[in-house]
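First to last, the sequence lines map onto chains A and B. Mind the numbering: the first sequence is residues 1 to 178 in full-length UniProt numbering, read in order. Mind the numbering: the second sequence is residues 1 to 221 in full-length UniProt numbering, read in order. Data first, discussion second: the structure below is written as structure tokens.
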Amino acid sequence: MDGINNHFEAKRTVFVTVGTTSFDSLVRTVDSDQVKEALSEKGYTHLVIQMGRGSYIPKKSSGEDGSLAVDYFTFSSSIADYLRSASLVISHAGSGSIFETLRMAKPLVVVVNEDLMDNHQSELAEELAERKHLFCARPQTLYQVIKSLNLDTIVPYEPGDANPVARLINKHLGFPAD
Amino acid sequence: MVDFVSVSLVVVVISTLLVVRVLYVISQSSKPARNTSQKNLSTLVVLGSGGHTAEMINLLSVLPKDRFAPRFYIAAATDNMSLQKARVFEDALDDKTSLQGPEPTQFMQIYRSREVGQSYITSVGTTLFALGHALWLMVKIRPQVILCNGPGTCIPICAIAFIFKILGIRWSNIFYVESIARVKRLSLSGLLLYKLRMADQLFVQWPQKQYPRARYVGRLM
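Take a look at the structure:
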């Protein structure tokens, strides 16, 4: 019984998400032996990859030999459940995934897709990395970032507030202040 | 000769009137209204995708629903997630506001002028088609308030709304909230609305001093 409990408690999942499009260079990188070993060394036991429309298929593994257990899927309507059960999230730089993860207070590594034409996405990831809310990487630096990952340096993210804009909109339209 | 003079005179007068009208519309738009007598204003919400939609839902959740009603949601025809999210949001409100709701909330899709990777030659046709479709929707809805936060889907809508204002067809208040992803610079949609002064108010979520008319409101997410 104890053994089962311990095993359950020791389950530490890394969830990788590429969003609604594809990001093969990220999936290929997390599926590399180098990165998987680095995650194992950090104490993670499971790797779940949401691969979107990508064409690179990761290698599934049950992890019975003590290595990282790997599973993947294309899309899911309940990304939130995967985020909730993750101990570490590795995400593309879309603002939707970034803030959903930060609001759940999960450690987050954002990987910027340099193949995108209009690469404004790195702006947000870099700004938030500077404020120590997350770690920012590129596919080719992901290994280093995971190697030197120190979750104690994370500054918890304070969710924003839409009330100031709402107040200005109400005022502009001439609605009385509540 | 007389004909030429009179025609040029008419052209000059009309263009002068038009310029005056455009300037008037722009200056009136930026001024806040005095206390409105209206209880509610019909509101068009233009949904972007992914992160844009999440930001918009966050804003809607703190706006008084009885004032911003009836509500019309528009999303790109290729985006099937956003309207779904809006429906979930509206369903969660239903029991609280259905008693006072004058008209039911509507959800609509709009054609996009250009899909990623489409050739420029065919995109002339699709752009015209998309504009026509936007015009049709705007004639039907004639919203008093437009809320948008990019990306491109909102541009034809805002342009038509602005033309409606100039022609006196419908006065709508246009609000644009730049995405939280834009830390240093406005997006193309934001920049267009800013430069052409089509939005009554343009909000940014990070301090961006290079746009003095944009209002910094802090993070929505």
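From the three backbone atoms N, C-alpha and C, an ideal C-beta is built for every residue, glycine too.
Could you check if residue i belongs to the surroundings of the ligand HEM, using beta carbon to heavy atom distance under 6 Å?
i, result
"Trp206 (chain B)", "Summarising the ligand content, the structure contains no ligands, and the ligand HEM is consequently not present."
With distances taken from CA atoms, which of the options is nearest residue i?
i, options, result
"Ile169 (chain B)", "B:Pro151, B:Pro156, B:Met138 and B:Tyr176", "B:Met138"
"Ala69 (chain B)", "B:Val20, B:Leu60, B:Ala76 and B:Phe175", "B:Leu60"
"Thr29 (chain A)", "A:Ile90, A:His46 and A:Thr20", "A:Ile90"
"Ile49 (chain A)", "A:Glu37, A:Asp31, A:Ala137 and A:Gly63", "A:Asp31"
"Pro151 (chain B)", "B:Gly218, B:Arg21, B:Gly50 and B:Ser8", "B:Gly50"
"Gly66 (chain A)", "A:Met51, A:Thr74, A:Ser85 and A:Leu39", "A:Leu39"
"Thr53 (chain B)", "B:Ser8, B:Cys148 and B:Lys39", "B:Cys148"
"Glu130 (chain A)", "A:Thr153, A:Glu114, A:Leu116 and A:Gln144", "A:Thr153"
"Gly19 (chain A)", "A:Gln121, A:Gly52 and A:Thr13", "A:Gly52"
"Phe175 (chain A)", "B:Gln28, B:Phe4, B:Gln205 and B:Arg34", "B:Arg34"
"Tyr211 (chain B)", "B:Arg219, B:Leu193, B:Lys31 and B:Leu128", "B:Leu193"
"Ile174 (chain B)", "B:Cys154, B:Arg182 and B:Val145", "B:Val145"
"Ser22 (chain A)", "A:Leu68, A:Gly94, A:Thr45 and A:Ile169", "A:Gly94"
"Gln109 (chain B)", "B:Trp136, B:Ile14, B:Gln38 and B:Lys209", "B:Trp136"
"Val27 (chain A)", "A:Leu68, A:His46, A:Ile98 and A:Val111", "A:Val111"
"Ala166 (chain A)", "A:Glu158, A:Pro156, A:Ala177 and A:Glu123", "A:Ala177"
"Gly63 (chain A)", "A:Thr101, A:Asp81, A:Ala86 and A:Glu37", "A:Glu37"
"Ile146 (chain A)", "A:Glu123, A:Leu88 and A:Phe99", "A:Leu88"
"Asn163 (chain A)", "B:Ile157, B:Thr153 and B:Val177", "B:Val177"
"Leu47 (chain B)", "B:Ile26, B:Lys31 and B:Ala75", "B:Ala75"
Report the partner residues of residue i according to the DSSP bridge assignment.
i, result
"Phe15 (chain A)", "A:Val48 and A:Val89"
"Thr43 (chain B)", "B:Arg71 and B:Val145"
"Gln109 (chain B)", "B:Ala75"
"Leu108 (chain A)", "A:Val89"
"Gln201 (chain B)", "B:Phe175"
"Asp71 (chain A)", "A:Val48"
"Ala214 (chain B)", "B:Leu202"
"Cys158 (chain B)", "Cys158 (chain B) pairs with nothing; no bridge assigned."
"residue 184 (chain A)", "No information on residue 184 (chain A) is available, as it lies outside the stretch 1 to 178 that chain A covers here."
Any idea what DSSP makes of residue i, helix, strand or coil?
i, result
"Ser61 (chain A)", "strand"
"Phe4 (chain B)", "helix"
"residue 179 (chain A)", "This structure cannot speak to residue 179 (chain A), because chain A is shown only from 1 to 178."
"Lys165 (chain B)", "helix"
"Lys209 (chain B)", "coil"
"Met221 (chain B)", "coil"
"Lys42 (chain A)", "coil"
"residue 224 (chain B)", "It is not possible to answer for residue 224 (chain B), since the shown part of chain B is limited to 1 through 221."
"Gly190 (chain B)", "helix"
"Ile4 (chain A)", "With a pLDDT of only 46 at Ile4 (chain A), under the threshold of 50, the placement of this residue in the model should not be trusted; the figure read from the coordinates follows. Note: Ile4 (chain A) maps to helix in three-state DSSP."
"Asp91 (chain B)", "helix"
"Tyr82 (chain A)", "helix"
"Ile98 (chain A)", "helix"
"Leu173 (chain A)", "coil"
"Val155 (chain A)", "coil"
"Thr29 (chain A)", "helix"
"Lys31 (chain B)", "coil"
"Val139 (chain B)", "helix"
"Asp24 (chain A)", "helix"
Using a beta-carbon distance below 7 Å, is residue i in contact with chain A?
i, result
"Phe175 (chain B)", "yes"
"Met221 (chain B)", "yes"
"Phe162 (chain B)", "no"
"Gln106 (chain B)", "no"
"Arg71 (chain B)", "no"
"Gln201 (chain B)", "yes"
"Leu63 (chain B)", "yes"
"Ala86 (chain B)", "no"
"Asn80 (chain B)", "no"
"Gly51 (chain B)", "yes"
"Gln54 (chain B)", "According to the sequence shown, residue 54 (chain B) is Ala rather than Gln. Yes, contact with chain A."
"Asn40 (chain B)", "no"
"Ala214 (chain B)", "no"
"Asn149 (chain B)", "no"
"Ile180 (chain B)", "yes"
"Pro32 (chain B)", "yes"
"Tyr211 (chain B)", "no"
Looking at chain B, is there any beta carbon in it that lies within less than 7 Å of the beta carbon of residue i?
i, result
"Phe23 (chain A)", "no"
"His133 (chain A)", "no"
"Ser55 (chain A)", "no"
"Ser67 (chain A)", "no"
"Leu173 (chain A)", "yes"
"Phe99 (chain A)", "yes"
"Gly3 (chain A)", "In this prediction, Gly3 (chain A) has a pLDDT of 43, which is less than 50 and means its spatial position is unreliable; nothing more can be read from the coordinates."
"Leu124 (chain A)", "yes"
* Okay, do the stretch 160 to 167 of chain B and the stretch 52 to 70 of chain B touch, 3+ Cβ pairs below 8 Å being the bar? -> Result no; under three Cβ-Cβ pairs closer than 8 Å.
* When the Cβ atoms of the stretch 61 to 78 of chain A are set against those of the stretch 128 to 135 of chain A, are three or more pairs found closer than 8 Å? -> no
* Does the stretch 107 to 116 of chain B come close enough to the stretch 124 to 136 of chain B to have 3 or more Cβ pairs within less than 8 Å? -> yes
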